[in-house]
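From first to last, the protein sequence lines stand for chains A and B.
Under the working numbering, the first residue of the first sequence carries the number 11, and numbering increases by one thereafter.
Under the working numbering, the first residue of the second sequence carries the number 24, and numbering increases by one thereafter.
From the three backbone atoms N, C-alpha and C, an ideal C-beta is built for every residue, glycine too.
Given the structure is predicted, the values throughout are model-derived calculations rather than measurements.
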Amino acid sequence: MMKTLRVILSAVVLCVLSSCDKHDKLDELVFVGKMAPHVYWSIASTTVSAGQDVSFDAQYYTTSDVAISHLEVWYNVVETEKKNVSAPWVTSKAYTVASNLTTERRKSQLITRYDHNESYWNEKERAYKFAAVFPTSNVLSKVAWSDAEFDSTNVVKYFGDDFMQHFKDSLYHTLIANPDDAWKDFNKLFTSADTSDIRYKYRVKYFTPYTTKSHDDVSDTDYSHFVDHVIPAPLDSLFLTFDFADIISSLHTDKYSISYEKSYQLDAQLKCLDTEKTAGLALKQTITLN
Amino acid sequence: MKRSICILSVGLLFSLQACREHRITEETFPLPTIDFTYQVADNTYQLDYYVGATIKFYPTVSLASDCVWDFGDGTPQVTGDTVYHKYEQFGNFRVTAKANGGEKSNMIMISDIKPIVTIVSDDSICEVKTSLVSFEVELPNPDNLDAIFQWTFPAGTTNENNESVDTYEGRDPGRVKFSRVGSQTVRLQVLMGHADANEWRALETVKKNVQVALDVEAPTLYYAVKEGNLMALKLYDGTAAGIAIDPYDLGVSSGSHPFNLLFKGESLYVLDAGQQFNYVNDENGVLGDGKITVIAKDASSIETMITNVGGPAFQDPFYGCIVGQELFYSDRNTGVINIPLSTRNETWSSSKFPYYIQNNYLGYYGRGLSYGAITGCLAQVKGLWYWAKTYNGNGIWRFADNERLDHAVTDADPVPAAGPLLEGSQCKAFVYDEQRDRLFYTIYDMNAGIYASTIEQVEAAGDASAVAGYMLKFGDGKIVEPIVEAGKGEGSSGEFIGICQLALDEATGDVYFGYRSGNEVKSGLVRYNATTGNLQHVIDDVLIYGVVINNTPSKLF
């Protein structure tokens, strides 16, 4: 009897010990801070012209005993820089220098402060509501430059001092690595039926005399290539006289294969702060500037 | 018994102790050793961080007073809690603060001076050859330098006396007007420096687009340029002598692959399939990056309707149409989703946005239409759905709303009564001119071209080999052949982007499209001219995705 009683008592004690502690798993899994105000916002447009204000609607409320103090808009500045240059007549391989870099250029900063006002209370929404704007900088407008406005000053400005020479040298070394492919590329470069065209003249003087044909046994077809499969010295010299504009166009056309674009985005955040400086954060909104 | 009482007492004692509430405790996060921020200390241009502006650097975490600052521009380090600095060059600089044995670096971007040009006009819109426009210039000048202003105007600019104006030197070029419709780009080059020493530095040229309106009301075509902006073009043939029409640059990026543009009311809807639009092994279903944006017709506002960023790649919005107050859009190869036009800032999920139409919920499935049939354009024509497919079931598949099944198709389910059009042909784009009963449709690959005929004529033809008589051609007899060559056009089999969309000018019956050429004909914006019955080039050498027309006539947008 006593043995049974002891077993029952022990079981009860064990149950009490194990069940009576209210464990809050949330507290064990996350860092818990102070209760912050709740805040939500929507912006009228995700793209605005640089210098234009961004309109937004905001809703906020708090469930804590601490009064709401004010709201703040913060944003950083993220720059995206795209560069693209190619030699369009080189098709035996993809010869393109392209980059697409996105960098945070300015850390998130306080832009505008909005005072809390009890008159913002909206009984239907059970939240404070207000509409406002925040400013953007005029200097952050998009810079886009392409073939239509080609000049070497802009190439230096947007691509760097040595870029043109470096591009040309790299292309040349790529071409001479495979003279048979180079023949196909130069063949495209110089193709012109117009005898007054400079491409026709180059072809007659520097290309055709150094071209020969061979037979490919595998495909049982003839193919053209440079004599002895070597880049001819006159063509080699001619290439070195080409300027950068020749290299990135189909030779003396007004279409250049080059573009540069720099644009900015703002990652904006609305904060609602109470009088103890505890901040509730609305979702980030990304605004593209034109 | 005594032992039992003892055990019971001890147990109760423990239980009393254990019976406590484990309350959430607020935790205080450790602060970094050092951190700082900065702001323009001047009273003006505080957002702009101009070269020459005074910038205040100060701690956000309490620093010792012997903090050492390096401004990243080669100037000597300074010591102090709050410090001020002026940058003499624009660019990006890494600012470092060292204190308390730690250090922190933040980037700062210093901008070159940028003149602010404002267009001023007495008219609400700037009308071609009529409206006079002037320009106000605000030049931020923190170092109080001298300035030279050099203006360049586009061709066709005149002053109040109708004298041609190409360039002007001075701050105020006076009032001008334009004889070309579209975006007229005025450029301002400002040189800043010291006049007495004749030392000048050229600032970045400011380009200001004046959106010049037609003098009569006309429809507006919108088109999306590859790796460019959304553009607009007034559709009007009867301009007076001396007036030309250029496109408008809306100043908004087209996005990655905006295959379809839609227009309703005052808004343009851009369906962008995202960077990756053809096959990709997205086994985790996270490579989606497409979205639909809603853009005011004058591009004054842009809102996100729905995005699929981070969702399955094939779930991006590819092609679509608007019926009533709903937008219907297809994913890559499975089905069509319908969303109210009022939808904003939503993220796609299958539970929230289920399919309205699915391949295998149509009676055609397994009877011509197959698994993963790749989608083309979509529209309602004469009360029937027309759904183009370009792979695994080529053709235009037609069905009534009540022929959509509520279950995956079985052998017992009937084939939709209307039947397909051009079964076996890759018809990516089509548009129906209800007023004139003409269906315009494109065919890729075999029998490539653009065609126009009545629906009954297409039905009678059966397949594409019998519609040759309806092919549309240029005046010189040349035809369009949408590019389908791997490595030249974008995409792959069944998904080449030769002609993404056809747009109908309801008033004239003209049809416009962006053409990626697979033959000797130039790529660009092409028009079917209903008056001449021929195709004609509108704008050459531009690569275009979607096109759409706002058929409500207006002078501007």
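query: Is DSSP giving GLY416(B) helix, strand or coil here?
result: Note: GLY416(B) maps to coil in three-state DSSP.
field: Given SER74(A) as reference, the closest of GLN62(A), SER65(A), MET45(A), LYS134(A) once Cα atoms are compared
entry: Answer by Cα proximity: MET45(A).
message: I'd like the list of long-range same chain contacts for ASN415(B), defined as Cβ closer than 6 Å, with 5 residues on each side in sequence excluded.
response: In chain order, SER393, GLY395, ALA396 place their CB closer than 6 Å to the CB of ASN415(B), counting only its own chain and leaving out the 5 sequence neighbours on each side.
field: Members of the segment 110-140 of chain B that neighbour chain A once the beta carbon cut-off is set at 7 Å
entry: The residues in question are ASN115, ASN129, MET130, ILE131, MET132, SER134, LYS137, ILE139.
field: The alpha helix (DSSP H) enclosing ILE199(A), as first and last residue numbers
entry: Residue identity check: residue 199(A) is Leu in the sequence provided, not Ile. LEU199(A) -> alpha helix (DSSP H) spans 189-200.
- request: Please look up how many angstroms separate the CB atoms of ALA336(B) and GLN299(B), rounded, as I've assumed it's under 8 Å.
  value: The pair is a contact, with the Cβ atoms about 5 Å apart (cut-off 8 Å).
task: Going by DSSP, name the residue or residues bridged to HIS217(B).
output: DSSP lists GLU222(B) as partners of HIS217(B).
query: Which ranges would you report for the beta strand (DSSP E) in the segment 41-103 of chain A if only whole runs of at least 3 residues count?
result: Within the segment 41-103 of chain A, the complete beta strand (DSSP E) runs of at least 3 residues are 48-53, 64-71, 78-96.
message: For a quick check, are the C-beta atoms of GLY308(B) and ASN331(B) less than 8 Å apart?
response: Contact: no.
query: By Cβ distance, which residues of its chain are closer than 8 Å to LEU407(B), with the 5 residues on each side in sequence left out?
result: Closer than 8 Å at the Cβ level, and outside the excluded window around LEU407(B), lie ARG421, PHE422, ALA423, ALA441.
query: Alpha carbon to alpha carbon, how far is SER290(B) from LYS211(A)?
result: Taking the straight line joining both Cα atoms gives about 54 Å.
query: Taking Cβ positions only, does PHE160(A) come closer than 8 Å to chain B?
result: Chain B contact via Cβ: absent.
Within 8 Å, strictly: CB atoms of TYR245(B) and LEU253(B): Yes; because the gap between Cβ atoms is below 8 Å, this pair is in contact.
field: Candidates HIS217(B), VAL143(B), GLY124(B), ALA120(B), of which the one nearest LEU198(B) by Cα
entry: Reading off the sequence shown, one finds Arg at residue 198(B), where the question assumed Leu. The candidate whose alpha carbon is nearest that of ARG198(B) is VAL143(B).
Three-state secondary structure assigned by DSSP to HIS239(A): In the structure shown, HIS239(A) falls within a helical segment according to DSSP collapsed to helix, strand and coil.
- prompt: If we cut at 8 Å on Cβ distances, does GLY274(B) have a partner in chain A?
  reply: Interface residue, yes.
- prompt: Whole alpha helix (DSSP H) runs in the segment 356-440 of chain B with 4 or more residues, listed along the chain?
  reply: Entirely contained in the segment 356-440 of chain B, not one alpha helix (DSSP H) run reaches 4 residues.
task: Mind the definition here: the segment 153-163 of chain B touches the segment 200-215 of chain B only if three or more C-beta pairs lie below 8 Å; say whether that holds.
output: Yes, the segment 153-163 of chain B touches the segment 200-215 of chain B.
message: Given this structure, state the Cα-to-Cα distance separating ASN221(B) from SER577(B), to the nearest angstrom.
response: Cα to Cα, ASN221(B) sits roughly 50 Å from SER577(B).
message: So ASN557(B) and ALA530(B) are supposed to be a Cβ contact under 8 Å. How far apart are they, rounded?
response: Taking 8 Å as the upper bound for CB-CB distance, ASN557(B) and ALA530(B) are not in contact here, some 19 Å apart.
query: Does the count of Cβ pairs from the segment 71-80 of chain B and the segment 130-150 of chain B closer than 8 Å reach three?
result: Judged by Cβ distances under 8 Å, the segment 71-80 of chain B makes contact with the segment 130-150 of chain B, as three or more pairs qualify.
task: Can you give me, in chain order, the residues of the segment 143-155 of chain A that have a beta carbon less than 9 Å from any beta carbon in chain B?
output: For the segment 143-155 of chain A, which is checked against every Cβ of chain B, the residues closer than 9 Å are PRO145, THR146, SER147, ASN148, VAL149, LEU150, SER151, LYS152, VAL153, ALA154.
query: So who's on the other strand from TYR21(B), going by DSSP bridges?
result: Given that chain B is displayed from residue 24 to residue 580, the structure contains no residue 21(B) and the question cannot be resolved.
Closest Cα partner of LYS287(A) within the set VAL76(A), ARG116(A), VAL237(A): Distances from the CA of LYS287(A) to each of VAL76(A), ARG116(A), VAL237(A) were compared; the closest alpha carbon is that of VAL76(A).
task: Could you name the residues that DSSP lists as bridge partners for THR298(A)?
output: Beta-bridge pairing links THR298(A) to THR57(A), GLN275(A).
- prompt: Taking the C-alpha atoms as reference points, what is the distance between GLY347(B) and LEU168(B)?
  reply: In this structure, the CA atom of GLY347(B) is about 59 Å from the CA atom of LEU168(B).
task: Could you tell me whether the Cβ atoms of ILE186(A) and ILE241(A) are closer together than 8 Å?
output: Contact check for ILE186(A) against ILE241(A) passes: the beta carbons are separated by less than 8 Å.
- prompt: Hey, how far is the Cα of PHE236(A) from the Cα of GLY170(A)?
  reply: Their backbone Cα atoms lie some 35 Å apart in a straight line.
- prompt: For chain B, is any of its Cβ atoms less than 8 Å away from the one on ALA292(A)?
  reply: Output row for ALA292(A): interface = no.
Cβ distance (whole Å) where VAL156(B) is taken to contact VAL233(B) below 8 Å: The pair is a contact, with the Cβ atoms about 6 Å apart (cut-off 8 Å).
- request: Can you have a look at ASN115(B) and say buried or exposed, based on whether 16 or more other CB atoms are within 10 angstroms of its CB?
  value: Around the beta carbon of ASN115(B), fewer than 16 other beta carbons sit within 10 angstroms, so the residue counts as exposed.
- prompt: Three or more beta-carbon pairs under 8 Å between the segment 531-548 of chain B and the segment 502-518 of chain B, yes or no?
  reply: Yes, since at least three Cβ pairs between the segment 531-548 of chain B and the segment 502-518 of chain B fall closer than 8 Å, the two stretches touch.
- prompt: Given 8 Å as the limit, is there contact between the segment 474-488 of chain B and the segment 439-457 of chain B, that is, 3 or more CB pairs closer than that?
  reply: The segment 474-488 of chain B, when compared against the segment 439-457 of chain B, does touch it at the 8 Å Cβ threshold.
task: Output, in chain order, the set of chain B residues within a Cβ distance shorter than 7 Å of GLY43(A).
output: Under the 7 Å cutoff, chain B gives GLU49, GLU50.
- prompt: According to DSSP, what are the bridge partners of LEU237(B)?
  reply: In DSSP, LEU237(B) forms no bridge with anything.
message: Can you find the residues in the same chain that come closer than 7 Å, C-beta to C-beta, to LEU527(B), ignoring five residues on each side of it along the sequence?
response: Excluding positions up to five away in sequence, the list reads VAL454, ASP456, VAL534, ILE572.
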